[in-house]
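Down below is the structure, laid out as structure tokens.
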Amino acid sequence: MAALECLRDIGLEEECLAQATASQNMEHTRWCHSMAGDEYARIHSWGHDPHRHGDYADASPCDHVDLPQTLAEPIMVNRARQRGWEIRFSTALLSFDDQGPKGVTTTVKEVDSGREYAIHSRFLFGCDGGRSQVVRQLDLPLLKKPGQGIALNVLVETDLSHLIKSRLGNLHWCIQPDRPYPRWGQMCIVRMVKPWHEWMFIVLPEPGWDPKIDKEPTNEEYMARIREWIGDDTIPARILGTSKWAINEVVAEQYSSSSNNIHCLGDAVHRHPPFNGLGSNSSLQDSYNLAWKIAYYMRGLAGPNLLSSYSIERQPVGLGVITRANQGLRDHLACWTALGVTEPTLEASTAAFNELKAPTPGGAARRKAFKDAVAGTAREFHAVGQEMNQRYDGSPGIYFDDETEPRPELPEDPVLYHQISTYPGARLPHAWLNTRRPGTPISTQDIAGKGRFTIISGPGDGNHQWKAAAEQAGKTLGVEVKCVSVGYACDWEDVYFDWERRREVEDDGAVLVRPDRFVAWRAKAMPNDPGRKVEEVLRSVLCLGEAGKQVNGAT
């Protein structure tokens, strides 16, 4: 949801939704013997639990959708080209030279021709994945925990639409404890890519299997195992591609060079399995956080310390992501144990698996263990808190000085539950708004963003003072500051009174929102001189210091 909000802000939401699998097709995650065979259990996922749906609806105007990188990347590449960017594929990074105030010179090589050449730029962004050369050359310190082995991806074209009506979901664990298996293919997750004819079979080998030592499967061996996981030999299937990846638990201690000329994003600085669906989503939010800061700095509207805030704000998020994603995988161990997967022999696995059906105390205990294990995966499939509870503490890009109380504690389970707050450094709360004569509703998220600062004020005479303050401060600093009033007889009507419940300021107070829709500052009531106060806060958030900068960037 949070990543889709970023795409919504830059006008790409509709195009993404047109390519994505809709939320209603992601209703369940299942555990089964095969796609066509027996089902052991299922769990509501991604906000579809009737007991949790409201938590998701309160958190965001966007719904969960499934948009694989293979479909998302062309959308973003096309947008970049439309904005004048040149995209060069089949080009390898060789090295770079950080030249301080002069920028960065990067040497690259055309893979097809072998031609090498240099590119000079003001900044270099290392978005080069889990084997990031940029991170290596910068020698960014990495926090590492032991990995959890290797996984194999097999992209398969097979039409399973006739099976899905009664098995609706985008993730299906295929586990066969009562059957022999090759060491490279103990079990798999069948992940929908394109409904319902393209699937990724994410194959988990037996612990200890190593492709550097053990023979990798051929396509014929892959297909034989995949047919067992499909469970119906009459269904045509074709392998489109294979790959392998390491199940890592790695995060960089910092994301940027000391010069702030080089910034790393995405898998380059946080490497983890895809559990909780946090990978590309976090990468998009890294980019969204950094983009406006680079733009303001390049236009002379912000000081260099604002660039430092990128790593300060996003590194703790990345640490949380890799921790949660790896714990999500570990949470499944209890399911495997209850099903008999972890037994040392096929005979023992089969006996444990069959015990699930037994009308005995042992059977009852195993069934309860499996039920509890499935419930224990909720932090993967209902983790609205993990998605939305980012809090930017200790950042120069946030103004905390007017807060008289510490930040409220997160919910008892911050993975499962989202804390809605306007405390500086929190996400702007979502609330539906409309006009006095109702039209199409919009979110508070929609009145902010768009590359500018936004002041959200309330009803009454105060909103006129806030509008004047926004205009005055914006003119002085050369930045766009939009002021929008929300409430009775305001620019936007608070139709459900949700904003009033969530804003945590008085009618004559206001909330200042950064271009990335995080709260920069709030005034719980009208200050004595709102124009001067808004300018003071903006100077601080933009790291301009006392003298500030002229619009042209000269000091």
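Residues 1 to 555 in the UniProt record's numbering are what the sequence shown spells out, letter by letter. Even for Gly, the Cβ is constructed at its ideal location relative to N, Cα and C.
Look at the stretch 292-370 and you find these whole runs of alpha helix (DSSP H), each 4 residues long or longer: 305-331, 333-339, 346-355. For ARG81, the enclosing alpha helix (DSSP H) stretches over residues 69-82. Taking the CA atoms as reference points, LEU171 sits about 10 Å from TRP199. Per the DSSP secondary-structure output, LYS244 pairs in a beta bridge with LEU152. Remark: C-beta atoms of SER60 and GLU5 approach each other more closely than 8 Å. Considered as a whole, the stretch 114-164 harbours 116-121, 124-126, 142-145, 150-157 as its complete beta strand (DSSP E) runs of no fewer than 3 residues, in chain order. By the 16-neighbour rule on beta-carbons within 10 angstroms, VAL341 is buried. Ranked by how close their Cα comes to the Cα of ASP402, the residues GLY277, LYS524, LEU278 have LYS524 in first place. Residue GLN186 holds the alpha-carbon nearest to the alpha-carbon of SER349 among GLN186, PRO101, HIS197, LEU204. By the 16-neighbour rule on beta-carbons within 10 angstroms, TRP85 is exposed. Collapsing the DSSP output to three states places ASN434 in a strand.
Taking the Cα of GLN386 as reference, the smallest distance to any Cα among GLY362, HIS28, ASP139, ASP55 is reached at ASP55. Taking 8 Å as the cut-off, the beta carbon of LEU410 is found no closer than this to the beta carbon of GLU493. Apart from sequence neighbours up to five positions away, the residues of its chain that approach GLY129 with a beta-carbon distance below 8 Å are GLY266, ASP267, ALA268, ordered along the chain. The residues ALA151, GLN186, MET187, CYS188, in chain order, have a CB closer than 7 Å to that of LEU204 in the same chain once the five nearest residues on each side in sequence are set aside. For PRO146 against LEU339, the beta-carbon gap comes to about 25 Å, at or over 8 Å, which does not count as contact. When beta bridges are read from the DSSP output, PHE453 appears opposite VAL481. With a beta-carbon spacing of about 6 Å, LEU346 and PRO180 fall inside the 8 Å limit used to define contacts. TYR222 carries a helical assignment under DSSP once its states are collapsed to helix, strand and coil.
In the three-state reduction of the DSSP assignment, ILE87 falls in the coil class, being assigned neither a helical nor a strand state.
Annotated as proximal: SER121 and VAL104, with beta-carbon spacing under 8 Å.
Per the C-alpha coordinates, the member of TYR40, ARG532, HIS64, MET223 positioned closest to ILE235 is MET223. As DSSP reads the structure, ILE189 sits in a beta bridge with TRP173, ILE202. The C-alpha of GLU249 lies about 6 Å from the C-alpha of ARG271.
Sequence-distant partners of GLN285 (beyond 5 residues in either direction) whose C-beta falls short of 7 Å from its own C-beta, in its chain, are ALA2, ALA3, CYS6.
With the rule of 3 Cβ pairs closer than 8 Å, the stretch 69-86 does not count as touching the stretch 406-426.
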